[in-house]
Amino acid sequence: MSWVWDNTDAIVRLTIEHVWLSTIPIVLGGLLSVPVGWLANRFRTLRGVILAVVGILYTIPSLALFVLIPPLLGLPFLSPLNVIIALVVYAVAIMSRNAADAFASIDPSALRAATAVGYGPWQRFFQVELPLAGPVLVAGLRVVAVSTVSLVTVGVLVGVQSLGYFFTDGFQRRIEAEILTGIVMTVFVAALFDAALVLAGRLGMPWARLAMARAGQEVS
Amino acid sequence: MIEYRRVHKTFAGGNVAVRDFSLTIPSGSLTVLVGSSGCGKTTLLRMVNRMVEPDSGSVLIDDEDVRQRDPVTLRRSVGYVMQSGGLLPHKSVLDNIQTVSRLVGTPKEHSRQRAGELMDLVGLDSTLATRYPQQLSGGQQQRVGVARALAVDPNILLMDEPFGAVDPVVRRDLQRELLDIQARLAKTVVFVTHDIDEAFLVADQMVILREGAEVAQQGTPEDILSNPADEFVASFVGHTTAARRLERSDSHPDVVVDTEGRIQGRLER
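Structure, rendered in structure tokens:
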């Protein structure tokens, strides 16, 4: 335990760093995958192509991607941007299929009704489709959040500081408390993101719980 | 006034939904398009607000071809009530009713107030305002659908099997209330149903359709019931069934029976 008390500064600093490194890919990945998922759902022929490409992206090992990005994009090898870009790629890879499913989950009669009462195409997207896809999108973002938070730790191998530092440093110096702290704090950050997303979903979409409860009733 | 001029519609796959259909629907009347499912009646309805575009021919509202109108503004100006209400599940009852008035930019306060009045008109308790559609019964959802369609006070109301998804008792209530509302507001209503009893109850004018939206007969319910044009109409309106053929009872001149001798009611005149 004494290791923890002696290193609170580092723990706080790296936790904040970790949250920061995770937030950008989660937000950006979520935003980018919405149009991709929408297109995949709207144009069935495109769906196969899009989903195949994002599927392949996801199979690239994270460390390889961290190392590949600097020469590909002409970035310095030690820039945190490398990790962020790689994590955005993963987030989009996970989230696109999910976003396509989210748009597919919308009751088509609600969309027809929206058109029939006079929503223009953009209004329909932002005021009807996006909110109705919301519950499935949030569910997907929760997966993305947890995956991103854990992948950020790998970034330490290419010199990007995060809670992952406690793993490498703890292993090299054989300090169990340090490794354990790294694990606990990473799980804590992941839980934090998850809780934030669940809360945002509940507050932003009070109707969704009713819909799900009702669907549950119909199933049972 | 709505006018169909020789409209024709073939869907992808070669299914002819509407074949050379013409009809004039006078303003302020309730016209029912009735026919079995797949006869093209819903397609006809959807042509009015350009949800479906005819291949040939034209649809006119007050002598203006609907193709001259922007589809989105046209749809906002025409009330549309669909089966099961067609409500937006993520909006409260009050917001659902305000959908169209907000789309056309009615100020918030005015729009809310109007939505409140409409809830009253369609018989919805004001405590339901903050509920979501899933929390309502089928009949209540349908009332919200009617209120939404009336929100911007359109001249035309399109009703697509509006009461098809509710149980028969509630359906009778809704039909009667529709007649009350229509008596007060006198909209030009196009009403689609496959339920001949519903058609007889609500129609000023009814049009019986065969497959391909071919007009089998057109007229008032009284015309059609008393004088069916052919076998198809007679069978469709139930002329051949016992319940529609009533006669005076032999034993009691004031009592009416059907052809199987079941007592159906009492003659008042």
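Here the protein sequences line up with chains A and B, keeping their order.
First residue of the first sequence? That's 1 in this note's numbering, and the numbers climb one at a time after it.
First residue of the second sequence? That's 1001 in this note's numbering, and the numbers climb one at a time after it.
No residue lacks a Cβ here, since even glycine has one placed at the ideal position from N, Cα and C.
Predicted model only: the values in this text are computed from it and were never measured.
Listed in chain order, the alpha helix (DSSP H) runs fully inside the stretch 38-80 of chain A are 44-59 and 62-73, counting runs of at least 4 residues. Classified as exposed, GLY1013/B has fewer than 16 neighbouring CB atoms from the shown chains inside 10 Å of its CB. Taking a Cβ-Cβ threshold of 9 Å, the residues of chain A close to GLY1086/B are SER109, ALA110, ARG112, ALA113, ALA114, ALA116 and VAL117, in chain order. At least one CB atom of chain B sits nearer than 8 Å to the CB of GLY120/A. Proximity of PRO1154/B to chain A, defined by a Cβ-Cβ separation below 8 Å, is not satisfied. C-alpha of LYS1041/B to C-alpha of LEU28/A: approximately 47 Å in a straight line.
Neighbourhood of GLN1135/B in chain A, by CB distance below 8 Å: LEU210, in chain order. Taking 9 Å as the Cβ-Cβ cut-off, the stretch 1059-1081 of chain B approaches chain A at PRO1071, VAL1072, THR1073, LEU1074, ARG1075, ARG1076, SER1077, VAL1078, GLY1079 and TYR1080, given in chain order. Exclusion of the five residues before and after VAL34/A leaves ALA99 as the residues of its chain whose Cβ lies within less than 6 Å of its Cβ. Boundaries of the alpha helix (DSSP H) harbouring MET1047/B: 1041-1048, taken from the DSSP string.
Following the DSSP letters along the chain, one finds LEU1157/B inside the beta strand (DSSP E) bounded by residues 1156-1160. For the stretch 38-56 of chain A, the set of residues with a beta-carbon nearer than 8 Å to any beta-carbon of chain B is empty. PHE188/A places its beta carbon 8 Å or farther from that of GLU178/A. Scanning GLU1198/B, GLU1231/B, LYS1108/B and VAL1066/B for the CA closest to the CA of PRO1168/B turns up GLU1198/B. Taking ILE84/A as the centre and dropping the five residues before and after it, the same chain places the C-beta of LEU21, ILE24 and PRO25 closer than 7 Å to its C-beta, in chain order. PRO131/A belongs to the set of residues whose beta carbon lies under 8 Å from a beta carbon in chain B.
In the displayed model, HIS1008/B falls within a strand according to three-state DSSP. Counted as a single uninterrupted DSSP element, the beta strand (DSSP E) harbouring GLU1214/B occupies residues 1214-1219. The beta carbon of GLY1138/B sits closer than 6 Å to those of ALA1165 and VAL1166, all from its chain and outside the five residues before and after it, given in chain order. Neighbourhood of VAL128/A in chain B, by CB distance below 7 Å: LEU1088, in chain order. Distance check between HIS18/A and each of ALA133/A, VAL160/A and SER96/A places VAL160/A closest, using alpha-carbon atoms only.
Spatial neighbours of SER1101/B in its own chain (CB-CB distance under 6 Å, excluding positions within 5 residues in sequence) are listed in chain order as SER1111, ALA1151 and VAL1152. Look at the stretch 1097-1108 of chain B: the residues with a C-beta under 7 Å from a C-beta of chain A are THR1099, VAL1100 and LEU1103. Between LEU1157/B and GLN1140/B, the C-beta spacing is not below 8 Å.
Within the same chain, Cβ atoms closer than 7 Å to the Cβ of ASP194/A are found at ARG142, ALA145 and VAL146, the five residues on either side in sequence being excluded. Here the alpha carbons of LEU39/A and THR1106/B stand approximately 33 Å from one another. Per DSSP, the beta-bridge partners of THR1193/B are VAL1034/B.
Across the structure, ARG1075/B and THR15/A are spaced so that their CA atoms are roughly 53 Å apart. For the options ASP1120/B, HIS1008/B and VAL1072/B, the alpha carbon positioned closest to that of MET1051/B is the one of VAL1072/B. Segment contact: the stretch 1171-1180 of chain B against the stretch 1089-1101 of chain B, fewer than three CB-CB distances shorter than 8 Å; contact not assigned. Listed along chain B, the residues sitting closer than 8 Å to MET205/A by beta-carbon distance are HIS1090. The continuous stretches of alpha helix (DSSP H) do not include MET1001/B, and DSSP gives it neither H nor E. The CB of MET1051/B comes closer than 9 Å to the CB of ARG112, THR115 and ALA116 in chain A, given here in chain order.
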